[in-house]
Amino acid sequence: MNEFKPLVFSGVQPTGNLHLGNYLGAIRKFVALQDTNDCIYCVVDLHSITAQLVHEDLRGQIRSIAAAFIASGVDPQKHIVFNQSAVPQHAELAWIFNCVARIGWMNRMTQFKDKAGKDRENASLGLLAYPSLMAADILVYRATHVPVGDDQKQHLELARDIAQKFNIDFQEKIRATGQGVDMVVGEEPIHGYFPLVEPLIDGPAPRVMSLRDGTKKMSKSDASDLSRINLMDDAETIARKIRKAKTDPDALPSETEGLKGRPEADNLVGIYAALAGSSKADVLREFGGVQFSVFKPALIELAVNVLSPITGEMRRLMEDTTHIDGILRQGGERARDRATKTMKEVRDIIGFLQ
Ligand code: TYM
Numbered sequence: 000m001n002e003f004k005p006l007v008f009s010g011v012q013p014t015g016n017l018h019l020g021n022y023l024g025a026i027r028k029f030v031a032l033q034d035t036n037d038c039i040y041c042v043v044d045l046h047s048i049t050a051q052l053v054h055e056d057l058r059g060q061i062r063s064i065a066a067a068f069i070a071s072g073v074d075p076q077k078h079i080v081f082n083q084s085a086v087p088q089h090a091e092l093a094w095i096f097n098c099v100a101r102i103g104w105m106n107r108m109t110q111f112k113d114k115a116g117k118d119r120e121n122a123s124l125g126l127l128a129y130p131s132l133m134a135a136d137i138l139v140y141r142a143t144h145v146p147v148g149d150d151q152k153q154h155l156e157l158a159r160d161i162a163q164k165f166n167i168d169f170q171e172k173i174r175a176t177g178q179g180v181d182m183v184v185g186e187e188p189i190h191g192y193f194p195l196v197e198p199l200i201d202g203p204a205p206r207v208m209s210l211r212d213g214t215k216k217m218s219k220s221d222a223s224d225l226s227r228i229n230l231m232d233d234a235e236t237i238a239r240k241i242r243k244a245k246t247d248p249d250a251l252p253s254e255t256e257g258l259k260g261r262p263e264a265d266n267l268v269g270i271y272a273a274l275a276g277s278s279k280a281d282v283l284r285e286f287g288g289v290q291f292s293v294f295k296p297a298l299i300e301l302a303v304n305v306l307s308p309i310t311g312e313m314r315r316l317m318e319d320t321t322h323i324d325g326i327l328r329q330g331g332e333r334a335r336d337r338a339t340k341t342m343k344e345v346r347d348i349i350g351f352l353q
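Just so you know, the sequence shown maps onto residues 0 to 353 in numbering that gives the first Met the number 0.
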């Protein structure tokens, strides 16, 4: 093998309602990438028990994420859609990565610091080791490209660090098994087994902000439902939330430079651009000089036009649990085949008897 085969992998946690940030930062990109790539999209249920152990309706949440992927346009026949716990090799590789990664790397993760809060000693060990499982999710398929929102950037850098340390530490053994790929790390040519993943974070809305505060990320855990647009919101609710969205008193600028220091305006323009499949510059060419009283109704119309069909399709899919479960089961089988092959090779490289 002389180079890694391009493969897209990404995951979404089945915790709480999906919102516009998840859609624009991740799921919409999943759909765009599938025409030109081999893709694997995963409902990461093992991750969902790191911050909160017991969930009221975890199965329903898992189904709703799979439904959101499919309703948004992901094709589960051409590509793979499955839930993480159906493929035990994720957890197996995560254990090995726990032994590759250093505690200091994990302690530096801003998401861990945010989620663990002040009482770090009381956070689950799983929450600390979370990025190691995330690296395993991707690398158990030796995936090369990962579409995510900006908040996952640091985790993907860590996935690269883990791959790099594994490749360097096991270099001779990788060569001996003949399963590696010639690659250059820094200046140094090595024979590695895991690719250094490329994050795909670009686009006009890599970080969708709260509708109530343009300096805070739109998030499932925000106490105010007005801060986010949920994928299950009806047209009326979407309209109300956008009407109530915080803005400043000025008209929209004509160029992106003018969005500096105006986080709420920047956010709404970014959302419009991402929903329209255009850029902030294009949106400002059309709406520069316009007041929010005119821009907001246009944004409402666009958001409802894009999101309503997805919401409707999600509802329809979620009523047929047999169908969704069948898709996940089949996807799980296909994913397991690929992951089994990787783990055989990894066990061989490490030197376990098998
Ligand atoms: P999660 O479930 O929190 O979020 C799913 C995806 O949505 C993106 N996202 C956002 N994008 C833009 N603006 C926002 N406000 C916003 N909020 C969330 C996230 O960046 C993510 O892409 N650790 C991951 C799940 C995961 C994963 C993986 C992702 C586990 N293993 C392997 C990629 C590859 C997470 O908690 O995402």
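For each residue, glycine too, the CB sits at the ideal point set by N, CA and C.
In this structure, does DSSP put residue i in helix, strand or coil?
| i | result |
| --- | --- |
| M208 | strand |
| K117 | coil |
| P262 | helix |
| L352 | coil |
| F111 | helix |
| E354 | Outside the displayed range of the chain (0 to 353) lies residue 354, so it cannot be described from this structure. |
| K216 | strand |
| H154 | helix |
| N21 | helix |
| I323 | helix |
| V43 | coil |
| N16 | coil |
What's the gap between the Cα of residue i and the Cα of residue j?
| i | j | result |
| --- | --- | --- |
| A234 | E263 | 22 Å |
| K28 | P146 | 7 Å |
| N97 | R211 | 39 Å |
| N304 | V86 | 37 Å |
| L52 | N121 | 13 Å |
| E187 | Q170 | 12 Å |
| G126 | S292 | For the sequence presented, residue 126 should be read as Leu rather than Gly. Rounded to the nearest angstrom, the two C-alpha atoms are 43 Å apart. |
| D34 | P5 | 13 Å |
| V207 | S226 | 11 Å |
| S84 | L274 | 32 Å |
| R58 | N16 | 14 Å |
| R284 | S253 | 6 Å |
| I323 | Q163 | 37 Å |
| V80 | I270 | 26 Å |
| N82 | D336 | 14 Å |
| N36 | V7 | 7 Å |
| S355 | T49 | Here the chain covers residues 0 to 353 and nothing more, so residue 355 does not appear. |
| S209 | D168 | 43 Å |
| I69 | A175 | 42 Å |
| K216 | G177 | 45 Å |
Taking 8 Å as the cut-off, decide whether the C-beta atoms of residue i and residue j are in contact.
| i | j | result |
| --- | --- | --- |
| A302 | I237 | yes |
| A142 | V184 | no |
| M313 | A66 | yes |
| L251 | G288 | yes |
| A134 | I161 | yes |
| T14 | S47 | yes |
| G20 | G148 | yes |
| A222 | T255 | no |
| D26 | V42 | The displayed chain sequence assigns Ile, not Asp, to residue 26. No. |
| Y140 | A338 | yes |
| P198 | K152 | yes |
| L132 | F193 | no |
| L267 | A244 | yes |
| M105 | A128 | yes |
Where does the unbroken alpha helix (DSSP H) through residue i begin, and where does it stop?
| i | result |
| --- | --- |
| L138 | 124–138 |
| M317 | 291–318 |
| I237 | 234–243 |
| G103 | 102–106 |
| H190 | Element bounds for H190: not the alpha helix (DSSP H) but the beta strand (DSSP E), 187–191. |
| Q33 | Taken as a continuous stretch (DSSP letters only), Q33 belongs to no alpha helix (DSSP H), as it is neither H nor E. |
| K172 | 170–176 |
Would you give the residue range spanned by the beta strand (DSSP E) that residue i belongs to?
| i | result |
| --- | --- |
| I64 | Careful: I64 lies outside any beta strand (DSSP E), inside the alpha helix (DSSP H) at 57–71. |
| I95 | Careful: I95 lies outside any beta strand (DSSP E), inside the alpha helix (DSSP H) at 88–99. |
| D181 | 180–184 |
| N82 | 79–82 |
| V11 | 7–11 |
| H144 | 144–146 |
| V282 | Counting along the chain, V282 falls outside any beta strand (DSSP E), though it belongs to the alpha helix (DSSP H) covering 279–286. |
Could you tell me whether any Cβ in chain C is nearer than 8 Å to the Cβ of residue i?
| i | result |
| --- | --- |
| V43 | Annotation note: the requested chain C is absent from the structure, which comprises a single protein chain. |
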